[in-house]
Every structure is written in structure tokens, then in C-alpha cells.
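Quick notes on the structure that follows.
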Amino acid sequence: MSQPTLYYFDARARAETIRFILKLKGVAFNDVRLKEIPAELKEKANFGQLPFYEDENISLSQSLAIESYLAEVHGLDGNTAVERALISQYVHATQDVYNPYFSANNEASNLKFKVETAPKYLTRFEQHLKAAGGEHFVGNRLTLADISVFALLDYFHQQTHNNLLEVLAPFTLLIQFYNKIAAIPSVAEHIKTRPTTRL
Ligand SMILES: N[C@@H](CCC(=O)N[C@@H](CS)C(=O)NCC(=O)O)C(=O)O
1 MSQPTLYYFD ARARAETIRF ILKLKGVAFN DVRLKEIPAE LKEKANFGQL PFYEDENISL
61 SQSLAIESYL AEVHGLDGNT AVERALISQY VHATQDVYNP YFSANNEASN LKFKVETAPK
121 YLTRFEQHLK AAGGEHFVGN RLTLADISVF ALLDYFHQQT HNNLLEVLAP FTLLIQFYNK
181 IAAIPSVAEH IKTRPTTRL
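Right, dumping it as C-alpha cells:
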């Protein structure tokens with residue numbers, strides 16, 4: 001059986017949740033990190049963009065589609081329609097944090113992200129985690145919702161050039177949640193051994 005392949009740039013950004021799922025589940029995969037998209041890959045990738053994922057059953061674009069496919073394959077999805085909807089809600093909420101960060105291109109938009117957008121979402125994430133018992137976002141067990149929020153918090157941890165860790169500092173329950181998942185051996189190993197990248 002051939003290994004799955006994940007094509008992305010040499011960055012965490014829209015691929016790191018996918019990498020965390022695969023690492024957590026002990027799935028060996030080709031982690032292809034590109035500087036640019038070669039013409040033949042651009043043609044092959046379903047929407048000409050990355051991340052693009054392939055295994056023996058599927059060729060898939062769109063980071064969130066790849067995440068939910070892998071969550072279902074590896075038992076990290078919801079058990080009921082309600083759980084699946086809640087997981088999807090948290091996954092989409094993470095995009096409402098990433099997207100303005102990725103598009104912030106001057107001091108004013110960067111500052112707005114740090115003092116307004118990020119705290120607004122982190123406050124809500126923390127409230128929901130607390131209401132769910134403080135350990136997991138959905139269903140009292142590890143799901144894609146946890147991994148997706150974890151990857152977002154991990155992103156904040158790594159953006160030292162932008163002091164995003166400082167933005168995270170008041171959210172002690174989220175930090176505790178982050179530290180617990182970061183200590184899972186396969187996750188810790190990935191964090192330790194992955195390339196250091198700016199994004
Ligand atoms: N909604 C898509 C967005 C994909 C996307 O914007 N990919 C960017 C990198 S993060 C890309 O491939 N840019 C190069 C290009 O469009 O040629 C997803 O979540 O996968």
C-alpha cells in the first residue's frame with residue numbers, strides 16, 4: 001500500500017491540522033513541501049491550489065475537506081449529527097481567525113487582528129471549552145474540533161516574530177488545553193522535528 005501524500009508549501013498555515021491528524025494517528029505520509037507549485041501539480045490539484053492530498057482512494061483539495069475526510073477515516077469525527085455540526089462549527093471558526101491574519105498586510109490590520117479579532121475568538125473558544133468541561137470541545141473525547149483549535153493555538157505559539165503568544169497569554173484554559181495535546185508523544189515529536197517556518 002502506498003503512503004498518502006500531502007502537498008503544501010514549506011509552512012504550517014493551512015496544512016498543519018492535516019499533519020497533526022496524520023502524526024497523531026501514526027500514519028506515515030509524504031510531507032511534500034514546495035517553494036512553488038509546479039505546472040503539472042497545479043493542473044492535477046483539483047482547484048490548482050495547496051494543500052492537496054492524495055491516497056489510494058482519493059485526490060482532494062480544500063484544507064477543511066481534507067481534514068474532515070481524515071477525521072472520519074481515523075475516528076476523529078462526531079458520533080451524531082449534532083456532534084458533527086459542532087465540530088464543523090469549531091473548524092470553521094478557526095478559519096475566521098486564520099483568514100484575517102493571513103490577509104493582514106500592514107501595521108493597522110495587524111494591530112486590529114491582535115487587539116480585536118484574535119481576542120474575540122479566543123474568548124469564545126475558551127468559554128465553549130470551559131462549558132464542555134475544559135478537556136475537549138465536543139463529545140468528551142478527542143475529535144477534529146480539538147485538533148483544529150490546537151493547531152490554531154500552535155500557530156500562535158510559533159508566530160514569535162509577531163508576538164502572538166502574548167495575545168494568547170490571558171487565555172489560561174486554552175494554554176492548558178494546548179499543553180496537554182502538545183505533550184502527546186507523536187504530537188510532541190512532530191513539533192520538535194518539523195522544519196521551522198515563518199508561516
Ligand atoms: N480554501 C483553500 C485555500 C487554498 C489556498 O489559498 N492555498 C494557497 C496557499 S495557502 C495557494 O495554493 N496559493 C497559491 C496559488 O493560489 O497559486 C483551502 O483551505 O485549501
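Using UniProt numbering, read the sequence shown as starting at 1 and increasing by one per residue. Even glycine gets a Cβ: it sits at the ideal position worked out from N, Cα and C. These numbers were taken from a predicted model, which means no experiment stands behind them.
Residue 135 - DSSP class collapsed to helix/strand/coil
Residue state, collapsed to three classes: coil.
Candidates 99, 20, 132, 53: which alpha carbon is nearest residue 174's?
Here the closest residue by C-alpha is 132.
Buried or exposed: where does residue 51 fall if 16 or more other Cβ atoms within 10 Å of its Cβ makes it buried?
Residue burial is scored here from C-beta neighbours: residue 51 has at least 16 other C-beta atoms within 10 angstroms and is therefore classed as buried.
As a quick exercise: from 99, 3, 171, pick the residue whose alpha carbon is nearest that of residue 134.
Distance from the Cα of residue 134 is smallest, within the candidate group 99, 3, 171, for 171.
Residue 32 by DSSP, collapsed to three states: which one?
Residue 32 carries a strand assignment under DSSP once its states are collapsed to helix, strand and coil.
Given residue 15, which residues of its chain have a CB within under 6 Å of its CB, disregarding the five upstream and five downstream residues?
Cβ neighbours of residue 15 beyond the five flanking positions: 8, 51.
By C-beta, the residues closer than 5 Å to any heavy atom of ligand 1, given in chain order
Having a Cβ closer than 5 Å to some heavy atom of ligand 1 are 14, 49, 50, 62, 63.
Report all residues from its chain with a CB closer than 8 Å to the CB of residue 104; omit the five preceding and five following residues, and keep chain order.
110, 112, 113, listed in sequence order.
Under the assumption that residue 87 contacts residue 143 (Cβ atoms under 8 Å), give the Cβ distance between them as a whole number of angstroms.
At roughly 5 Å, the Cβ-Cβ gap stays under 8 Å, so residue 87 and residue 143 are in contact.
Using only alpha-carbon positions, find the residue among 40, 79, 129, 73 that is nearest to residue 90.
Per the Cα distances, 129.
Do you know how far the Cα of residue 2 is from the Cα of residue 44?
Going from the Cα of residue 44 to the Cα of residue 2 covers about 19 Å.
Local conformation of residue 171 per DSSP, three classes:
In the structure shown, residue 171 sits in coil (DSSP, three-state: anything other than H, G, I, E or B).
What whole-angstrom Cβ distance do residue 12 and residue 197 have, given they're in contact under 8 Å?
Yes, they are in contact, since the Cβ atoms of residue 12 and residue 197 sit about 6 Å apart, within 8 Å.
Residue 82 burial status per 10 Å Cβ neighbour count (16 or more: buried)
Label assigned to residue 82: exposed.
Residue 34: buried (16+ other C-beta within 10 angstroms of its C-beta) or exposed?
Residue 34 is exposed by the Cβ-count criterion.
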